[in-house]
Amino acid sequence: GAGTSGRLCWTAAQFMNKLMMRHRGRALHCQCSLAGGNQAFRKSVEHAEDNAEAAEADLCRLMDLHFADSSNPQGARGKSLTLIGVTCGLSATWVSSQIKRALEMGAKVILLGFTPLSSGRGMFGDAEFQKAIGDAERSGQMVTICPIVGPELVTGSTRLKSGTATKICLEVMLHQAASKIRSHSPLTGEVEEVASLVKSYNRSWEGIYRHSAKLAEAIDLGARTLGLAGSIVYAGFGREGLVGLIDASEQL
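According to the numbering used here, the sequence shown is numbered sequentially starting from 66.
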């Protein structure tokens, strides 16, 4: 992913690896391909998401890293890969280029976005690419998840509703996958289990908004601090600290 999407993908990948390390004694090869590289985690790298060649090269780099000690022939590597491409507006060339390459390699692909596929831009708006996605879905090689969350309060600021939805979808998918691996049960993703997880996020949302008055006070305090040329400092630990870092990086 790129921008907020890429940063959330990185956080989700680290969570998955740590979870599996704790339960299996070794990490899965869950990696993140972030447009702009590691520096983009802390600060926006302009136009990085538009570089198709760099996107394909980074995907190949991760594949080489994964299979460095493997005897798998080059042609069989794609079948051991699942690519989760996240682009809120279905517009990032970084993601579409990697999806195209992954499909050609025979990999499984999950596309996560929050815009109808028919409204995609760039390669996502190309009729031939849309047909390739449709063919891959029908063959079972690809799954497209596009919940429509509606326009953002601040135009273009996808770390708001779309960012929240990205975090929920990634965590639900990876949590379920990890649970199935630990229990050695079939990876079927029962609807009831997924629905129960999603409802737990809804309870969190309800609990947060019971404190709307206090949230408004905090927002006002932050605005006045910035108005006086002051600073807002994020303090956190673990995953919460990472979320603060992601939000802080959006302001730079």
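Ideal Cβ positions, reconstructed from N, Cα and C, are used throughout, including at glycine.
What you are looking at is a predicted structure, and each value in this text was computed from that prediction instead of being measured.
Proximity to ARG186 [Cα-Cα], best of LEU124, GLU258, ARG224 and ASP115: ASP115
Cut-off 6 Å between Cβ atoms - residues of its own chain near ASP123, not counting five sequence neighbours on either side: SER98
Which of helix, strand or coil DSSP assigns to ILE175: strand
8 Å CB neighbourhood of ILE213 in its chain, flanking five on each side removed: PHE179, THR180 and PRO181
Pair within 7 Å by beta-carbon distance, LEU148 and CYS234: no
Integer Cβ distance of GLY66 from ALA105, believed to fall under 8 Å: Contact doesn't hold; Cβ gap of about 10 Å is too wide.
Which of helix, strand or coil DSSP assigns to GLY101: coil
Nearest-angstrom Cβ-Cβ length linking THR290 and LEU73, presumed shorter than 8 Å: Their Cβ separation, rounded to whole angstroms, is 26 Å, which puts THR290 and LEU73 out of contact at 8 Å.
Reduced DSSP secondary structure (H/G/I, E/B, other) of GLY41: Residue 41 lies beyond the range of the chain shown here (66 to 317); nothing can be said about it.
ILE210 - DSSP class collapsed to helix/strand/coil: strand
Contact set for VAL208: own chain, Cβ-Cβ below 6 Å, skip 5 residues either direction: ILE175
Range of the contiguous alpha helix (DSSP H) that encloses ALA192: 192 to 204
Three-way DSSP call (helix, strand, coil) for ARG289 in this model: helix
Option nearest SER30 by Cα separation, candidates THR223, CYS95, ILE164 and PHE189: This structure gives no information on residue 30, because the portion of the chain shown stretches from 66 to 317.
Exposure of TRP270, with buried meaning 16 or more beta-carbon neighbours within 10 Å: exposed
Start and end residues, alpha helix (DSSP H) containing SER109: Counting along the chain, SER109 falls outside any alpha helix (DSSP H), and DSSP gives it neither H nor E.
Host alpha helix (DSSP H) of MET188 (start-end): Run containing MET188: none; DSSP gives neither H nor E here.
Nearest-angstrom Cβ-Cβ length linking ILE297 and GLY287, presumed shorter than 8 Å: 6 Å
Residues near ASP129 by beta carbon distance below 7 Å, same chain, minus five either side: none
Close beta carbons around LEU146, own chain, < 6 Å, minus the five adjacent residues each side: ALA172
Presumed contact (8 Å Cβ cut-off) between PHE80 and LEU239, rounded CB distance: 7 Å
Pick from TRP159, GLU282 and GLY309 that is closest to GLY301, judged by C-alpha positions: GLY309
As assigned by DSSP and simplified to three states, the class of ARG224: coil
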